[in-house]
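This report refers to the structure that appears directly beneath it.
Numbering (this note's numbering), first residue to last: 4 to 337.
Laid out in structure tokens, this is it:
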């Protein structure tokens, strides 16, 4: 089933969703709720194979992690990561299995449907490989919400749709994406209402801003509700970057594996940013989520992290790219 959507709902500088023909219901859900799930965007067996590669990548560091040994599921046995399982350094965004994942036809096609063009660029984003630790108490800070948006409060128009490709079965207690349903509809109002909370230096001009509990409660009073998104391997989670969200750590014994994916029209990027993308690819650096407006992330972990020496010795990823992948990087023209 499809629904006709007016262009005025989703318009922003340089980007516009496809409204030339009927659009899928999941596009309408992004507009009305700020998020959606597209079931089976990638075949289940492919998603599970990418999860297997994720385990292999963790073990390849030889820091002590062995998926078959529960006693090795400790941060000390894993390369540098944040928030319990977000890996966004050490060239992870350019590993062969990650580029194979980003080039999946069913995945790319969903963003092509969204934007109404096949001429896309993809983010050099990271992956989430969250491994529950049995001895970790539920009072550990890793379980605390870190509600945020991935768009500057100064950019209130629609601008970006982010994505997560789910790789392992993900239930209510398995960690994963938490969204404040409907919060994107109040994006202008929330910053006006809480202007008194604006720091002396102003809100973040970059594509990230924490949202505190009082702000979330105000949105809940407007009818917004927290939703834990559950998904199967191969499902694609999509959300408007103005939707308040966070990634929850697993409180069960099940691993949470997922890949961050974001595609935007090639026409939405400036010449200077296009040049920086190519430089980031050449040096195998990760970037933040937006393929057109991004920040390049440091290659190595902090020098005091146990995996620093191993990181400096690891070979730089040298993926073999298909023609489609080369276009998604920006190496080949459309």
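Note that CB positions come from ideal geometry on N, CA and C, so glycine has one too.
- Following the DSSP letters along the chain, one finds residue 58 inside the alpha helix (DSSP H) bounded by residues 47-63.
- Beta bridge pairing from DSSP links residue 133 with 259.
- Pairing residue 333 with residue 124 gives a Cβ-Cβ distance under 8 Å.
- Looking only at 328, 228, 255 and 63, the smallest Cα-Cα distance to residue 246 is reached by 228.
- By the neighbour-count definition (other C-beta atoms within 10 Å, threshold 16), residue 213 is an exposed residue.
- Look at the beta carbons and you see the stretch 77-88 not touching the stretch 39-58: under three pairs across the two are nearer than 8 Å.
- The alpha helix (DSSP H) runs of length 4 or more contained entirely in the stretch 187-236 are, from start to end of the chain, 190-196 and 216-224.
- With respect to residue 128, residue 292 sits close: the two C-beta atoms are nearer than 8 Å.
- A Cβ-Cβ distance of about 6 Å is found for the pair residue 97 and residue 322, placing them in contact under the 8 Å criterion.
- By the beta-carbon neighbour count (other beta carbons within 10 angstroms, threshold 16), residue 258 is buried.
- Exposure of residue 122 is indicated by the presence of fewer than 16 other C-beta atoms within 10 angstroms of its C-beta.
- Here the alpha carbons of residue 234 and residue 152 stand approximately 21 Å from one another.
- Excluding sequence positions up to five before and after residue 208, its CB lies within less than 7 Å of the CB of 155 and 157, all in the same chain and listed in chain order.
- The DSSP-derived three-state label of residue 120 is coil.
- The straight-line gap separating the alpha-carbon atoms of residue 134 and residue 57 is approximately 11 Å.
- In the DSSP annotation of this structure, the continuous segment of the alpha helix (DSSP H) that includes residue 311 starts and ends at 311-316.
- Look at residue 166 here: in three-state DSSP terms it is strand.
- For residue 75, no pairing in a beta bridge is given by DSSP.
- Here the alpha carbons of residue 304 and residue 211 stand approximately 21 Å from one another.
- Excluding the 5 residues flanking it on each side, residue 280 has same chain C-beta neighbours closer than 8 Å at 124, 127, 272, 290, 294, 297, 332 and 333, in chain order.
- With respect to residue 253, residue 198 sits apart: the two C-beta atoms are not nearer than 8 Å.
- For residue 226 against residue 185, the beta-carbon gap comes to about 6 Å, under 8 Å, which counts as contact.
- For residue 110 against residue 264, the beta-carbon gap comes to about 6 Å, under 8 Å, which counts as contact.
- Excluding residues up to 5 positions away in sequence, 167, 232, 240, 248 and 250 lie with their Cβ nearer than 7 Å to the Cβ of residue 180 in the same chain.
- Taking the Cα positions, residue 183 is about 6 Å away from residue 230.
- Minimum Cα-Cα distance from residue 132 among the listed residues 118, 33 and 60 corresponds to 60.
- The shortest C-alpha to C-alpha distance from residue 39 to any of 255, 149 and 114 is the one to 114.
- Here residue 141 is exposed: its Cβ has fewer than 16 other Cβ atoms, across all protein chains shown, within 10 Å.
- A residue is called buried when at least 16 other Cβ atoms come within 10 angstroms of its Cβ; residue 337 does not meet this threshold and is exposed.
- In the DSSP assignment, residue 149 falls outside any beta strand (DSSP E) and carries neither an H nor an E.
- Distance from the Cα of residue 324 is smallest, within the candidate group 119, 101 and 194, for 101.
- Setting aside the 5 residues that flank it on each side, residue 191 is surrounded in the same chain by 159, each with a C-beta closer than 8 Å to its C-beta; the list follows chain order.
- Counting only the Cα atoms, residue 164 lies some 12 Å from residue 116.
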